[in-house]
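Structure first, then comments.
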Amino acid sequence: MISVDNLAVEFSGHTLFSDVSFTINENDKIALMGKNGAGKSTMMKIIAGAQNATRGNVRTPKDAVIAYLPQHLLTEDNTTVFDEASKAFSHVYTMRDEMEGLNKQLETRTDYESDEYMKIIERVSDLGEKYYALDDVNYDSEVEKALKGLGFKQEDFKRLTNEFSGGWRMRIELAKILLQKPDLILLDEPTNHIDIESVIWLEDFLVNKANAVVVISHDKAFIDNITNRTIEVTMGRIYDYKANYSHYLQLREDRRAHQIKAYQEQQKFIADNQAFIDRFKGTYSKTNQVSSRERMLEKLEIIEIDDIDTSALKLRFPPTQRSGDYPVTVKDISKSYAEHVVFKDASMSISRGEKVCFVGRNGEGKSTMIKAILGEIDVEGDCSLGHNVKVGYFAQNQAALLDEDLTIFQTVDEVAKGDVRTQIKNILGRFMFKGDEIDKKVSVLSGGEKTRLAMVKLLLEPVNLLILDEPTNHLDLKSKDVLKEALQNFDGTLILVSHDRDFLQGLSKKVFEFKDQRVIEHFETIDDFLVRNRVESLKGLDL
Numbered sequence: 049m050i051s052v053d054n055l056a057v058e059f060s061g062h063t064l065f066s067d068v069s070f071t072i073n074e075n076d077k078i079a080l081m082g083k084n085g086a087g088k089s090t091m092m093k094i095i096a097g098a099q100n101a102t103r104g105n106v107r108t109p110k111d112a113v114i115a116y117l118p119q120h121l122l123t124e125d126n127t128t129v130f131d132e133a134s135k136a137f138s139h140v141y142t143m144r145d146e147m148e149g150l151n152k153q154l155e156t157r158t159d160y161e162s163d164e165y166m167k168i169i170e171r172v173s174d175l176g177e178k179y180y181a182l183d184d185v186n187y188d189s190e191v192e193k194a195l196k197g198l199g200f201k202q203e204d205f206k207r208l209t210n211e212f213s214g215g216w217r218m219r220i221e222l223a224k225i226l227l228q229k230p231d232l233i234l235l236d237e238p239t240n241h242i243d244i245e246s247v248i249w250l251e252d253f254l255v256n257k258a259n260a261v262v263v264i265s266h267d268k269a270f271i272d273n274i275t276n277r278t279i280e281v282t283m284g285r286i287y288d289y290k291a292n293y294s295h296y297l298q299l300r301e302d303r304r305a306h307q308i309k310a311y312q313e314q315q316k317f318i319a320d321n322q323a324f325i326d327r328f329k330g331t332y333s334k335t336n337q338v339s340s341r342e343r344m345l346e347k348l349e350i351i352e353i354d355d356i357d358t359s360a361l362k363l364r365f366p367p368t369q370r371s372g373d374y375p376v377t378v379k380d381i382s383k384s385y386a387e388h389v390v391f392k393d394a395s396m397s398i399s400r401g402e403k404v405c406f407v408g409r410n411g412e413g414k415s416t417m418i419k420a421i422l423g424e425i426d427v428e429g430d431c432s433l434g435h436n437v438k439v440g441y442f443a444q445n446q447a448a449l450l451d452e453d454l455t456i457f458q459t460v461d462e463v464a465k466g467d468v469r470t471q472i473k474n475i476l477g478r479f480m481f482k483g484d485e486i487d488k489k490v491s492v493l494s495g496g497e498k499t500r501l502a503m504v505k506l507l508l509e510p511v512n513l514l515i516l517d518e519p520t521n522h523l524d525l526k527s528k529d530v531l532k533e534a535l536q537n538f539d540g541t542l543i544l545v546s547h548d549r550d551f552l553q554g555l556s557k558k559v560f561e562f563k564d565q566r567v568i569e570h571f572e573t574i575d576d577f578l579v580r581n582r583v584e585s586l587k588g589l590d591l
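Quick note: to get the numbering used here, add 48 to the position in the sequence shown (first position is 1).
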């Protein structure tokens, strides 16, 4: 369907990748994998036509529709949600409006024999042929179904897009993509900032109704559920596996094991021949054999072993003083903004050492509850922290709050106190910021690097109540695993808001569900909660 031919990208004397070729077939669901900096997003931008390659090209069939969702969105601020989503059909509306305008001209013009009049008739005829050949679709109805499927309510349709968070704006962009019914959907980290129900809905759509899909994601459960093929970008080339992510990991290990074995055998072969050359060089009777072996070694192509990212986040939450028995107590609290009720008469108590997660659609009150617990907003009812509670809070937009004019070192030095200041370089090294990297400006860091830096700031002081609101956004799979292990070993109390099902697995045995202005307590793991609610979650979310 779509052919990627001999792509190469070079900059500043560095080759990102070269001679990359593969075909994207109809109904392929491809995970584009590789360590940070391997070139995944660059390759996706080239396929989308948003960036040019140094060499090579992408061949697409005529009239093929390619839809691209980048990490950073460009949704306009001065339009309504419904109108923004309706831009998916802008080509249809443009044809319709042009036809209406031209027909009005024909009604008023009297120069029936002129060339200009005939050109208008020809243009109306051409547009009409294309317009009326389109499927008979109620476009407004399609927009409504898509928006409701992604969690918008009827009353949201006429609100301006600038009233919504980045997560909701991403949903608007997703709606526009899904409505175009593209031949190929390119998604770069699509699950960041959207809730579990919407992720499940998106999975269902991509698996059952989308054509070809290429996705970059650090959400293991998401990519495992939707993909049937994995393309790994590594060391400037690609490996193509007809397998989902989990199976790909096994196949990649097998490949490296074969490479290592072949490399070791080749090195022994080289050593044996070099020993023969060294031993018999200058011996007249062995001259031809020595020369032959020397030529053979010169032409020998050395086997390379694929590079693996051995860098790893070293993360351990420092111990702190013991808190009271109930670090968080919430009793009959309510919160409204004007006429909008977020939740009412909500109650919860969280015991010392308990690890709980908040789940629910965006806008149902998870972050609002956190702000209430932290005392950042006024609420009706009682909300209090227990004795000797020391809070560490990682906000959903924590990485975005960093000062982009500071360097990595300055960012940490600004908040470090006492003896900690002498350990800043060591601390940054544990978070994979080493050597000259600590002098980089925050403005040039990737999303994952900013998240790691924001995490450093969180760990500068010991805490016994951790509140983390979407901490895994932009973190790679390895860093997420390290963070998860650190949280499992954390001996304090944890409140976790996350849309990442794989990350949540095994981290809590209590779920607080935010839904329909209520907070419902479930004494079960996130897996049990999702199994019980999956069918219900998908009801009414069909396009």
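Note that beta-carbon positions come from the ideal geometry of N, C-alpha and C, so glycine has one too.
Just so it is clear, the structure is predicted and the values come from calculations on it, not from any experiment.
| request: Would you mind reading off the limits of the alpha helix (DSSP H) that contains residue 62? | output: First-last for residue 62: 62-72, but that is the beta strand (DSSP E), not the alpha helix (DSSP H).
| field | Cα-Cα separation, residue 473 to residue 528 | value | 22 angstroms
| query | Secondary structure at residue 92, three-state DSSP: helix, strand or coil? | reply | helix
| field | Exposed unless 16 or more other CB atoms sit within 10 angstroms - verdict on residue 408 | value | buried
| said: For the region 53-71 against the region 98-113, do three or more pairs of beta-carbon atoms, one drawn from each stretch, fall closer than 8 angstroms, so that the two count as touching? | reply: yes
| Touch test, the region 478-498 against the region 445-455, Cβ-Cβ under 8 angstroms, three pairs minimum | yes
| request: Report the partner residues of residue 260 according to the DSSP bridge assignment. | output: 232
| task | Please state if the CB of residue 114 and the CB of residue 232 are separated by a distance shorter than 7 angstroms. | result | yes
| request: Mind listing, in chain order, the continuous alpha helix (DSSP H) runs of no fewer than 4 residues lying wholly within the region 541-580? | output: 549-552
| query | Are three or more beta carbon pairs between the region 521-537 and the region 261-276 nearer than 8 angstroms? | reply | yes
| query | Taking the alpha-carbon positions, what's the residue 388 to residue 517 distance? | reply | 22 angstroms
| request: For the region 169-177 and the region 255-265, state whether three or more C-beta atom pairs, one from each stretch, are separated by less than 8 angstroms. | output: no
| message | Could you tell me which whole beta strand (DSSP E) segments of length 3 or greater appear in the region 511-539? | response | 513-517
| 8 angstroms CB neighbourhood of residue 574 in its chain, flanking five on each side removed | 405, 407, 549, 552, 553, 555, 556, 559
| said: I'd like to know whether the C-beta atoms of residue 69 and residue 53 end up nearer to each other than 7 angstroms. | reply: yes
| field | Cβ contact check for the region 433-452 and the region 501-520: 3 or more pairs under 8 angstroms | value | yes
| What residues in its chain sit with their C-beta under 6 angstroms from that of residue 51, if we drop five residues either side in the sequence? | 71, 107
| query | Are residue 479 and residue 463 close, meaning C-beta to C-beta below 7 angstroms? | reply | no
| request: Excluding the 5 residues preceding and the 5 following residue 421 in the sequence, name in chain order all residues of the same chain whose CB lies nearer than 8 angstroms to its CB. | output: 376, 378, 431, 433, 515, 543
| said: Measuring straight from C-alpha to C-alpha, what distance separates residue 283 and residue 458? | reply: 32 angstroms
| query | DSSP state of residue 390, grouped into three classes? | reply | strand
| said: Rounding to the nearest angstrom, what Cα-Cα distance links residue 90 and residue 567 in this structure? | reply: 42 angstroms
| said: Given a cut-off of 7 angstroms on the beta-carbon distance, is the pair residue 383 and residue 439 in contact? | reply: no
| request: Pick helix, strand or coil for residue 480, following the three-state DSSP scheme. | output: coil
| task | Compute the distance between the beta-carbons of residue 303 and residue 78, then report whether it is under 7 angstroms. | result | no
| request: Please check the pair residue 180 and residue 144, which I expect to be a contact at CB under 8 angstroms, by giving their CB distance rounded to whole angstroms. | output: Not quite, the Cβ-Cβ distance comes to about 11 angstroms (not below 8 angstroms), so this is no contact.
| query | Unbroken alpha helix (DSSP H) runs of length 4 or more, entirely within the region 453-478: which are they? | reply | 456-461, 472-478
| query | Count the other CB atoms within 10 Å of the CB of residue 410; is the residue buried (16 or more) or exposed (fewer)? | reply | buried
| My guess is that residue 286 and residue 280 are in contact by the Cβ rule of under 8 angstroms, so how many angstroms apart are they, rounded? | 6 angstroms
| In whole angstroms, what is the alpha-carbon distance linking residue 237 and residue 496? | 11 angstroms
| said: Taking the beta carbon of residue 253 as the centre, do at least 16 other beta carbons fall within 10 Å, making it buried, or is it exposed? | reply: buried
| query | By Cβ distance below 8 angstroms, which residues in the same chain neighbour residue 322 in space, the five residues on each side in sequence not counted? | reply | 345
| Close beta carbons around residue 290, own chain, < 6 angstroms, minus the five adjacent residues each side | 277
| Secondary structure at residue 287, three-state DSSP: helix, strand or coil? | strand
| said: For the structure I just gave you, are there three or more beta carbon pairs, one from the region 202-210 and one from the region 142-159, closer than 8 angstroms? | reply: no
| request: Would you please state the rounded distance, in angstroms, between the beta carbons of residue 593 and residue 217? I believe it to be under 8 angstroms. | output: Any question about residue 593 goes unanswered here, given that the chain covers just 49 to 591.
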